[in-house]
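Before any comments, here is the structure.
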Amino acid sequence: MPNAAKNIINKSLDNFACQPLNHAPAKPMLITTGEPAGIGMDIVLDVIDGGDLSAGIWLITADKAAFIARAKALIQVGKLVKIPEFCVIDVPDKISDIAEDWLASQINSTLKDQSNINHSVIILNIPCHDEVIAGQLNAANAAMVERQLYLAHLLAKTHQIGAIITAPLQKSVMIQAGIRLDNGEMFSGHTEYFMHKSSCHKVVMMLANRMMKVALVTTHLPLKAVPDAITADEIKATVRITHQGLVEQFGISSPKILVCGLNPHAGEEGHLGDEEIRIINPALEDLMTQGMNISYAMPADTLFTPQHLADCDAVIAMYHDQGLAPLKSHGFGDTVNITLGLPYVRTSVDHGTALDLAGTGKASSSSLKQAIFYAYKMSMSDFDSA
Numbered sequence: 312m313p314n315a316a317k318n319i320i321n322k323s324l325d326n327f328a329c330q331p332l333n334h335a336p337a338k339p340m341l342i343t344t345g346e347p348a349g350i351g352m353d354i355v356l357d358v359i360d361g362g363d364l365s366a367g368i369w370l371i372t373a374d375k376a377a378f379i380a381r382a383k384a385l386i387q388v389g390k391l392v393k394i395p396e397f398c399v400i401d402v403p404d405k406i407s408d409i410a411e412d413w414l415a416s417q418i419n420s421t422l423k424d425q426s427n428i429n430h431s432v433i434i435l436n437i438p439c440h441d442e443v444i445a446g447q448l449n450a451a452n453a454a455m456v457e458r459q460l461y462l463a464h465l466l467a468k469t470h471q472i473g474a475i476i477t478a479p480l481q482k483s484v485m486i487q488a489g490i491r492l493d494n495g496e497m498f499s500g501h502t503e504y505f506m507h508k509s510s511c512h513k514v515v516m517m518l519a520n521r522m523m524k525v526a527l528v529t530t531h532l533p534l535k536a537v538p539d540a541i542t543a544d545e546i547k548a549t550v551r552i553t554h555q556g557l558v559e560q561f562g563i564s565s566p567k568i569l570v571c572g573l574n575p576h577a578g579e580e581g582h583l584g585d586e587e588i589r590i591i592n593p594a595l596e597d598l599m600t601q602g603m604n605i606s607y608a609m610p611a612d613t614l615f616t617p618q619h620l621a622d623c624d625a626v627i628a629m630y631h632d633q634g635l636a637p638l639k640s641h642g643f644g645d646t647v648n649i650t651l652g653l654p655y656v657r658t659s660v661d662h663g664t665a666l667d668l669a670g671t672g673k674a675s676s677s678s679l680k681q682a683i684f685y686a687y688k689m690s691m692s693d694f695d696s697a
């Protein structure tokens, strides 16, 4: 392997899976519960109940009443023994007016007024517009989900929190409710939302587990739209942001990155497509001249073999399923979604809302635990000392 960071990370993740964090984060960490009808509240409650948030201050965006109701439902099915203790801060109706010292002052007054309650978990109470029923989507509550994201963004942007960890939301409901991005486009996901709120021209979606880290040049596009979206500028920006993230947030001083081709066999010298010759390899060669340790376009079907994965720090895939299918086959449920290129740390679970599991006690919090661990370490750039 090019360095020891991979072994360190794997060992740390194994340790985290069976014990809580031993050291408090430098700043409060924020977890969104996402779609209230889904399993977001379930998995957050499970993490709290397991003692994984016992060090430091952890902020949970949720409807307090719905959160308590979900806890009671999980008690009924034997998942929880009791409702976890937590403090409560009511979020102002106009989130945009929140000052840069709002959180600190609210936490101080809350801990003083609620001194007999567990201080490590604080619910940032954002009421839903309508009743929350586990497993039943309700577009009337989509605005509450967007308010969670907006609050998380503002607190991270103003350096009041150390990182954002997101539970899943339901994109179809957000679209049905007419939730839009700042540029007027319809809501399309966490990644795009935080990118536009942060005024970033480009961010990179990376997914990581014990086996590999995969970054994507394109994300949520129909397959037929992918070739036109593969440009030299997009490739260069993706590689640069990925390289910077590996150095600054993962502590890998000189990362080695392997890059997938777009076409079968990486184009077979132009016989199966010429994007590698015309676009991808010239862009990569330009980056090589700048000192980056990256490959030319490689056939994706052989790149994702143990031999190649053991000799790199990250893989760049051209499109969503090219990268995520092999990655999730080696760790679905233990994979973390990371957004690189934002002015703050954001991680997420690798699964959806699982409406059929909401309130049943059958939802696994494994991916959330890993997302918490990654956010915790990335916020302190502390992977190399895990």
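Under my numbering, the letters of the sequence shown match residues 312 to 697, in that order. Heads up, the beta-carbon is just placed ideally off N, CA and C, and yes, glycines get one too.
Item                                                                                                                                                                      : Value
Once the 5 residues before and after M485 are set aside, which same chain residues still bring their CB inside 6 angstroms of it?                                         : A453, F498
Which residues bound the beta strand (DSSP E) around V537?                                                                                                                : Counting along the chain, V537 falls outside any beta strand (DSSP E), though it belongs to the alpha helix (DSSP H) covering 537-540.
Tell me whether A328 sits in a helix, a strand or coil according to DSSP, three-state version.                                                                            : With a pLDDT of only 44 at A328, under the threshold of 50, the placement of this residue in the model should not be trusted; the figure read from the coordinates follows. The answer is coil: DSSP assigns A328 none of H, G, I, E or B.
Is the number of C-beta pairs between the region 598-618 and the region 475-482 that are closer than 8 angstroms three or more?                                           : no
Could you spell out where the alpha helix (DSSP H) holding I409 opens and where it closes?                                                                                : First-last for I409: undefined, no H or E at that position.
Can you list, in chain order, the residues of its chain whose CB lies under 7 angstroms from that of H576, leaving out five sequence neighbours each side?                : L583, P610
Measure the CB-CB distance between L341 and V514 and report whether it falls below 8 angstroms.                                                                           : no
Are at least three pairs of beta-carbons, each pair with one atom in the region 638-645 and one in the region 519-535, less than 8 angstroms apart?                       : yes
Between which two residues does the alpha helix (DSSP H) containing A519 stretch?                                                                                         : First-last for A519: 515-519, but that is the beta strand (DSSP E), not the alpha helix (DSSP H).
Between the C-alpha atoms of G683 and M603, what's the straight-line distance to the nearest angstrom?                                                                    : Per the sequence shown, the amino acid found at residue 683 is Ile instead of Gly. Their Cα atoms are separated by approximately 30 angstroms.
As an exercise, report each continuous beta strand (DSSP E) stretch of at least 3 residues that is fully enclosed by the region 578-627, in chain order.                  : 604-609
Along the chain, where does the alpha helix (DSSP H) containing T530 start, and where does it finish?                                                                     : Here T530 belongs to no alpha helix (DSSP H), and DSSP marks it neither H nor E.
Relative to the C-alpha of I490, which residue among C511, Q471, S509, Y461 is closest?                                                                                   : Y461
Helix, strand or coil, according to DSSP, for A376 in the structure here?                                                                                                 : helix
From I406, G581, I552, K680, pick the residue whose C-alpha is nearest to that of I568; which is it?                                                                      : I552
Here's a check: name, in chain order, each residue in its chain whose Cβ is nearer than 7 angstroms to the Cβ of N449, leaving out the five neighbours to either side.    : A348, D441
Please state the DSSP three-state secondary structure of D401.                                                                                                            : strand
Hey, how far is the Cα of G389 from the Cα of G672?                                                                                                                       : 7 angstroms
Would you identify the three-state DSSP class for T344, choosing helix, strand or coil?                                                                                   : coil
DSSP three-state call for K423: helix, strand or coil?                                                                                                                    : helix
Would you kindly check if the distance between the Cβ of M455 and the Cβ of D374 is under 8 angstroms?                                                                    : yes
From P395 to D408, what does the alpha carbon distance come to, in whole angstroms?                                                                                       : 31 angstroms
In whole angstroms, give me the CA-to-CA distance for L293 and T372.                                                                                                      : Look at the range of the chain in this structure, 312 to 697, and you will see that residue 293 is not part of it.
Taking Cβ to Cβ, would you say C571 is nearer than 8 angstroms to A526?                                                                                                   : no
Please state whether DSSP places Q471 in a helix, a strand or coil.                                                                                                       : coil
What are the residues that DSSP puts in a beta bridge with L370?                                                                                                          : L341, I433
With burial defined as no fewer than 16 other Cβ atoms inside 10 Å of the residue's Cβ, what is the status of V656: buried or exposed?                                    : buried
In chain order, what residues of the same chain have a beta carbon less than 8 angstroms from the beta carbon of I437, not counting five sequence neighbours either side? : T372, A373, D374, V402, M455, R458, Q459, L462
Taking the alpha-carbon positions, what's the I406 to H464 distance?                                                                                                      : 11 angstroms
Measuring alpha carbon to alpha carbon, tell me which of K524, T530, D539 ends up nearest E503.                                                                           : T530
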